[in-house]
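Here the structure is laid out as C-alpha cells; the discussion comes afterwards.
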C-alpha cells in the first residue's frame, strides 16, 4: 500500500472509525492516441467521507472528467480500485455497477441534459420510476425537491420555457431524486453567467448540506472551490491536496 493509503487508514481509525464512502486507490487511466499513450491518472488516491464536499480544481486536460467518470463507475480503471462504501467495484459485473450508479451516485453535468419533451416535474420523476418507486411516491419527492430549489412555480414548464439557471436546478433535483449517497458534478455552473452561477451554486450547496451527501465538484471557479470542505487538484497524474 502507498504511504497515502497507510495515512488514510490511520486517519480513519483515529478520527472517524469509518471507511470512506468513496475511495479511489492507486488508480491509473491511460488512453492511446495514435502511437502515443496518454497517462491521465497514474496512481491517484482520493478518499471522500459521507457529508464531505471536495472541489476538484485543475486545468483542462488534467483529468478531472476522467476522475469523475471512474468515481462514478462510468469507466474502469486500468489499474487500481474504486471502492464504494468499502466495496471493490472494478471486477463487478456491469449489471451490478449499473445498480450502484442508479442507487448510490448522482451526476450533474455542465449541460443539463434534460429531456426536452418532458416538464420539470416529469424530468425529476423519471429516474425514480426507473428505480421502481410508485408514481405517487416519486411525485411527492419530485415536488419537494423542486420546491426546495425554488422551482415550485415551474413544475409544469418544459426546459425551453425555463432559464438556464432554472434548467440546471432541475438537473440538480433529478440527480438527487433517488437519494444517492455520492454526488459528482462536472462544472455544474460552467455554462451560466456569474450571477446565475452563484444563485445555482447556493441552491446546490444548501441541498447537499441538508442531505449529507458526499460531493465532488470539478470546477474552474475558485470562489466556488473556496466554499467546499476540501480542495484538490491533479498534478502529474496524482490527486494533490490544496491549502
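Numbering (the working numbering), first residue to last: 10 to 252.
No residue lacks a Cβ here, since even glycine has one placed at the ideal position from N, Cα and C.
Residue 121 has no beta-bridge partner at all, per DSSP. DSSP, reduced to helix, strand and coil, places residue 162 within a helical segment of the structure shown. Under the three-pair Cβ rule at 8 angstroms, the segment 198–210 counts as touching the segment 167–184. At a cut-off of 4 residues, the continuous stretches assigned as alpha helix (DSSP H) that sit fully inside the segment 48–129 are 73–80 and 103–113. For residue 223 and residue 57, the gap between their C-alpha atoms comes out near 7 angstroms. Looking at the DSSP output, residue 36 sits in a beta bridge with 53. Shortest Cα-Cα distance from residue 122 to any of 133, 114, 113 and 112 involves 133. The distance from the Cβ of residue 31 to that of residue 93 is about 6 angstroms, consistent with a contact at the 8 angstroms cut-off. The beta carbon of residue 160 sits closer than 8 angstroms to the beta carbons of 129, 175, 178, 179 and 182 from its chain, once the five residues preceding and following it are set aside; these are given in chain order.
As DSSP reads the structure, residue 244 sits in a beta bridge with 247.
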